[in-house]
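The numbers in the UniProt record's numbering rise by one with no breaks, and the one at position 39 of the sequence shown is 39.
Note that CB positions come from ideal geometry on N, CA and C, so glycine has one too.
Reading through the structure tokens given below for one structure.
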Amino acid sequence: MIRITKVIREGEARRRRRSTGLTVETEFRQPPQQNLTTDNTSDATGPSEYSVLRNIADSVGQAAVSGNLSRSIGFSVSSVVMVPPLPPPSDPTWSKVASEEVSREEPAPSFVSTVARLQVMVQPESSGHPGLLIQQPSVVALDEEGNCVSVGVTSLTLTAKLKGSNSSSVWGLQGNTTVAFEGCWANYTDLSINTAGENITMVFTLNSLDVQSRTFTTKINSTGSTTAPTAGAAL
1 MIRITKVIRE
11 GEARRRRRST
21 GLTVETEFRQ
31 PPQQNLTTDN
41 TSDATGPSEY
51 SVLRNIADSV
61 GQAAVSGNLS
71 RSIGFSVSSV
81 VMVPPLPPPS
91 DPTWSKVASE
101 EVSREEPAPS
111 FVSTVARLQV
121 MVQPESSGHP
131 GLLIQQPSVV
141 ALDEEGNCVS
151 VGVTSLTLTA
161 KLKGSNSSSV
171 WGLQGNTTVA
181 FEGCWANYTD
191 LSINTAGENI
201 TMVFTLNSLD
211 VQSRTFTTKI
221 NSTGSTTAPT
231 AGAAL
């Protein structure tokens with residue numbers, strides 16, 4: 001069931017300013033149960049409903065992130081604020097929800113808009129030789145105005161790859177190279193480089209968008225000693 005719970009015309013309290021749009025608050029939920037069981041319970045908040053609502057949130061969120069939501073529903077949508085459904089106790093993610101501090105306030109909404117660019121907020125750093133990165137990268141998703149876009153309400157992921165100085169792909173990146181977003185952040189935790197090379201760049205991709213890290217170098221000489229990492233300007 002889709003229910004519109006609130007419609008606010010932008011600028012309606014400002015009589016001298018022309019209204020420019022509407023804010024529409026919409027609720028997705030199961031229709032009211034007609035027949036209850038003898039113990040007055042139903043599966044309205046069970047796993048099946050959560051799965052359906054989660055898929056709806058994922059579809060709407062992905063359409064907003066990719067910039068296709070307006071075309072899908074037939075009118076212009078600049079951004080979406082979403083409150084994801086709460087999982088049932090049987091869901092694996094319930095433990096995270098149950099561990100949060102109890103509050104009477106409504107769950108914090110997530111801002112979702114078209115992602116215009118990715119930005120590497122924490123650059124990957126190598127020790128100078130193959131192995132675990134001494135600093136793991138973090139990437140943030142932003143819209144045209146620089147607002148943080150909560151890609152984490154969707155199932156979209158960020159993928160990392162290595163690229164050489166001649167823009168060709170470089171093998172040797174190990175660990176979890178594809179990660180989910182948490183809010184607008186994608187944080188890597190266990191990337192390692194199992195190759196040697198100069199001016200290597202790490203490329204992060206979300207759909208058709210990508211961003212590159214600063215360059216770094218990993219070397220091993222014949223004596224087994226290592227050289228320090230080399231940092232360069234972002235491409």
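Query - Beta-carbon separation (whole angstroms), cysteine 184 vs serine 150, contact threshold 8 Å - result: Going by Cβ atoms, the distance from cysteine 184 to serine 150 rounds to 5 Å, so yes, they are a contact pair.
Query - Residue nearest to serine 76 in terms of C-alpha spacing, selected from Leu118, Pro85, Ala64 and Met82 - result: The shortest Cα separation from serine 76 among Leu118, Pro85, Ala64 and Met82 belongs to Ala64.
Report task. In the DSSP assignment, find the unbroken alpha helix (DSSP H) run with alanine 63 in it and report its ends. Result -> Annotation: the continuous alpha helix (DSSP H) that includes alanine 63 extends over 47 to 66.
Requested in this report: May I have the straight-line CA-CA distance separating alanine 186 from valine 179, to the nearest angstrom?
Outcome: Rounded to whole angstroms, the gap between the alpha carbons of alanine 186 and valine 179 is 7 Å.
Query - serine 167 versus isoleucine 200: straight-line alpha-carbon distance, rounded - result: Rounded to the nearest angstrom, the two C-alpha atoms are 9 Å apart.
Query - Residues near glutamine 174 by beta carbon distance below 6 Å, same chain, minus five either side - result: If we look at glutamine 174 and ignore the five residues flanking it on each side, its Cβ neighbours are Ser192 and Asn194.
Query raised in the report: For the 8 Å Cβ check, are there 3 or more pairs between the stretch 106 to 122 and the stretch 199 to 215?
Result: Touching, yes, given that three or more Cβ pairs across the two stretches are closer than 8 Å.
Report task. Use the C-beta contact count for alanine 108: other C-beta atoms within 10 angstroms, 16 or more gives buried, fewer gives exposed. Result -> So alanine 108 counts as exposed.
Query - Residues sharing a beta bridge with cysteine 184, DSSP - result: DSSP, once it has assigned bridges, lists no residue as partnering cysteine 184.
Query raised in the report: What residues in its chain sit with their C-beta under 6 Å from that of glycine 67, if we drop five residues either side in the sequence?
Result: Cβ within range, chain order: Thr114.
Query raised in the report: CB-CB under 6 Å to isoleucine 134, same chain, minus the five flanking residues each way: which ones, in chain order?
Result: Result list for isoleucine 134: Glu125 and Ser127, in chain order.
Query raised in the report: Helix, strand or coil: how does DSSP classify leucine 173 here?
Result: The answer is strand: DSSP assigns leucine 173 an E or B state.
Query raised in the report: What whole-angstrom Cβ distance do glutamine 119 and valine 140 have, given they're in contact under 8 Å?
Result: About 5 Å separates the two Cβ atoms, so the contact holds.
Query raised in the report: Quick one, are the C-beta atoms of proline 88 and tryptophan 94 less than 8 Å apart?
Result: Yes, the pair counts as a contact, with Cβ atoms nearer than the cut-off.
**Report entry** Whole-angstrom distance between glycine 152 and glutamate 49, CA atom to CA atom
**Finding:** Our two residues, glutamate 49 and glycine 152, have alpha carbons roughly 20 Å apart in a direct line.
Query raised in the report: Which residues in the same chain as asparagine 40 place their Cβ atom closer than 7 Å to its Cβ, once the five residues preceding and following it in sequence are excluded?
Result: Model confidence at asparagine 40 stands at a pLDDT of 44, short of 50, so the residue's coordinates are unreliable; what they give is reported in the following sentence. For asparagine 40, where only same-chain residues beyond five positions count, there are no Cβ hits under 7 Å.
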